[in-house]
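Read left to right, the sequence shown gives residues 9 to 238 (the working numbering). The C-beta atom is built at its ideal place from N, Cα and C for all residues, glycine as well. Please read the structure below before turning to the comments.
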Amino acid sequence: MFTPEQTVAEIVSQDYRAAGVFKKHGLDFCCGGKKPVNSVCESHGLDPNEIIKEINSITAEKSNNNIDYSTWPAELLISYIEQMHHRYVKEAIPRIGMFTEKVAFRHGETQPELVSIYQKFIELSIEMNEHMADEENRVFPAIKKLVTNPNNEPAKLIPMIMELEDEHTAAGNLMAEIRSLSNNFTPPDWACNTYRVAFQELEAFENDLHQHVHLENNILFPSLSDYLSN
Numbered sequence: 009m010f011t012p013e014q015t016v017a018e019i020v021s022q023d024y025r026a027a028g029v030f031k032k033h034g035l036d037f038c039c040g041g042k043k044p045v046n047s048v049c050e051s052h053g054l055d056p057n058e059i060i061k062e063i064n065s066i067t068a069e070k071s072n073n074n075i076d077y078s079t080w081p082a083e084l085l086i087s088y089i090e091q092m093h094h095r096y097v098k099e100a101i102p103r104i105g106m107f108t109e110k111v112a113f114r115h116g117e118t119q120p121e122l123v124s125i126y127q128k129f130i131e132l133s134i135e136m137n138e139h140m141a142d143e144e145n146r147v148f149p150a151i152k153k154l155v156t157n158p159n160n161e162p163a164k165l166i167p168m169i170m171e172l173e174d175e176h177t178a179a180g181n182l183m184a185e186i187r188s189l190s191n192n193f194t195p196p197d198w199a200c201n202t203y204r205v206a207f208q209e210l211e212a213f214e215n216d217l218h219q220h221v222h223l224e225n226n227i228l229f230p231s232l233s234d235y236l237s238n
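See below:
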């Protein structure tokens, strides 16, 4: 049973199904997950006991699909992030860019927010590509070296991780702007198929981003604390 005194990240790390509850109530579980549920709910005018009650109800049922990533070694988690999330982002960016560009071109004159969505997504795409390249070429190899050889200058990793966390926050903010501009990814009744697919793809991209950031901010990076404190 979870309690309001636990952090959002701690709860989601133990059972990812809780992420759906936090997201439904507009609570950040990835970039802002280090705060206790009590504190987060208070700042949003929500009753923490009701949120926890809902989470405990959902997570009470056993699930064979719930993976405890916190038990994974860093090398395995990095491989999973690269194979699942980095690969998805690299494949999704050109596809979503094409859809959002078409929708902006066709309907942008009467709905200027569609142009803004396209522009924000391009900005996000550039940031994500640069971010993933930095992780794959610099940060992740440094983490693998550290866990293999704890004496491998751990202090160098601290600013790298802080930089990545700042970039995660920036990406999350851009995605939140896109969600707001798209009315929570809700197309109008008259929307064509391309319009609807664009919004569906954007929402899927947001879902992937949230889990991607959660795995790094709340599981991978904290798992290195013993190495970094030496």
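Taking the CB atoms as reference points, tell me whether Met-140 and Ala-179 lie closer together than 8 Å.
Cβ atoms of Met-140 and Ala-179: not closer than 8 Å.
Please state whether the Cβ-Cβ distance between Pro-12 and Asn-57 is less than 8 Å.
Result yes, Cβ atoms of Pro-12 and Asn-57 sit closer than 8 Å.
Suppose the cutoff is 7 Å on Cβ atoms and the five residues either side in sequence are ignored; what does the same chain contact list for Glu-211 look like?
Correct list, in chain order: Phe-193.
Does the segment 201 to 209 come close enough to the segment 97 to 112 that 3 or more CB-CB pairs lie under 8 Å?
Because the criterion of three Cβ pairs below 8 Å is met, the segment 97 to 112 and the segment 201 to 209 touch.
For Ala-3, which residues in the same chain have their Cβ closer than 8 Å to its Cβ, ignoring the five residues on either side in sequence?
What the structure shows of the chain is the stretch from 9 to 238, and residue 3 is not part of that stretch, so it cannot be assessed.
Assuming Ala-17 contacts Ile-63 (C-beta within less than 8 Å), just tell me the rounded distance between them.
No, Ala-17 and Ile-63 are not in contact; Cβ-Cβ is about 13 Å, not under 8 Å.
When the Cα atoms are used, what is the spatial distance from Lys-153 to His-222?
So the two alpha carbons sit approximately 22 Å from each other.
What are the start and end residues of each continuous alpha helix (DSSP H) run of 4 or more residues lying completely inside the segment 134 to 210, in chain order?
You should have 148 to 156, 165 to 189.
Pick from Pro-230, Asn-225, Asp-234, Gln-219: whose alpha carbon is nearest that of Tyr-24?
Among Pro-230, Asn-225, Asp-234, Gln-219, the Cα nearest to that of Tyr-24 belongs to Gln-219.
Taking Leu-165 and Ala-150 to be in contact with their CB atoms under 8 Å, please state how far apart those CB atoms are, rounded to whole angstroms.
About 6 Å separates the two Cβ atoms, so the contact holds.
Under 8 Å, with one C-beta from each stretch per pair, do the segment 43 to 58 and the segment 85 to 99 reach the 3-pair mark?
Counting Cβ pairs under 8 Å, fewer than three are found: no touch.
Just tell me which of Ser-237, Ile-227, Tyr-88, Cys-49 has its CA closest to the CA of Gln-22.
Per the Cα distances, Ile-227.
Do Leu-182 and Glu-131 have their beta-carbon atoms positioned less than 8 Å apart in this structure?
Cβ atoms of Glu-131 and Leu-182: closer than 8 Å.
So, with DSSP's three-state summary, where would you put Thr-79?
Note: Thr-79 maps to helix in three-state DSSP.
Would you list the one or two residues that DSSP bridges to Pro-44?
For Pro-44, which the question treats as bridged, DSSP gives the partners Thr-15.
To the nearest whole angstrom, what separates the beta carbons of Leu-85 and Pro-162, a pair I think is in contact under 8 Å?
Not really, about 18 Å apart at Cβ, beyond 8 Å.
Relative to the alpha-carbon of Pro-230, which residue among Ile-186, Ser-78, His-93 has its alpha-carbon at the smallest distance?
Nearest C-alpha to Pro-230: Ser-78.
Drop a sphere of 10 angstroms on the beta-carbon of Ala-112, count the other beta-carbons inside from all chains shown, and report buried for 16 or more, exposed for fewer.
Buried, by the Cβ-count rule.
On the CB-based measure, 16 or more other CB atoms within 10 Å of its CB, does Asn-225 come out buried or exposed?
Buried, since its Cβ has 16 or more Cβ neighbours within 10 Å.
Cys-39 by DSSP, collapsed to three states: which one?
Correct three-state label for Cys-39: coil.
Out of curiosity, what's the CA-to-CA distance linking Met-168 and Ala-68?
Cα to Cα, Met-168 sits roughly 38 Å from Ala-68.
To which residues of the same chain is Cys-49 closer than 8 Å at the C-beta, ignoring the five residues directly before and after it?
Cβ within range, chain order: Pro-12, Leu-35, Asp-55, Pro-56, Ile-59.
Go to Phe-113, then tell me how far its alpha helix (DSSP H) extends in each direction, as first and last residue.
Residues 95 to 115.
May I ask you to report which of helix, strand or coil DSSP gives Lys-70?
If DSSP states are grouped into helix, strand and coil, Lys-70 belongs with coil.
Where does the unbroken alpha helix (DSSP H) through Asp-234 begin, and where does it stop?
Residues 233 to 236.
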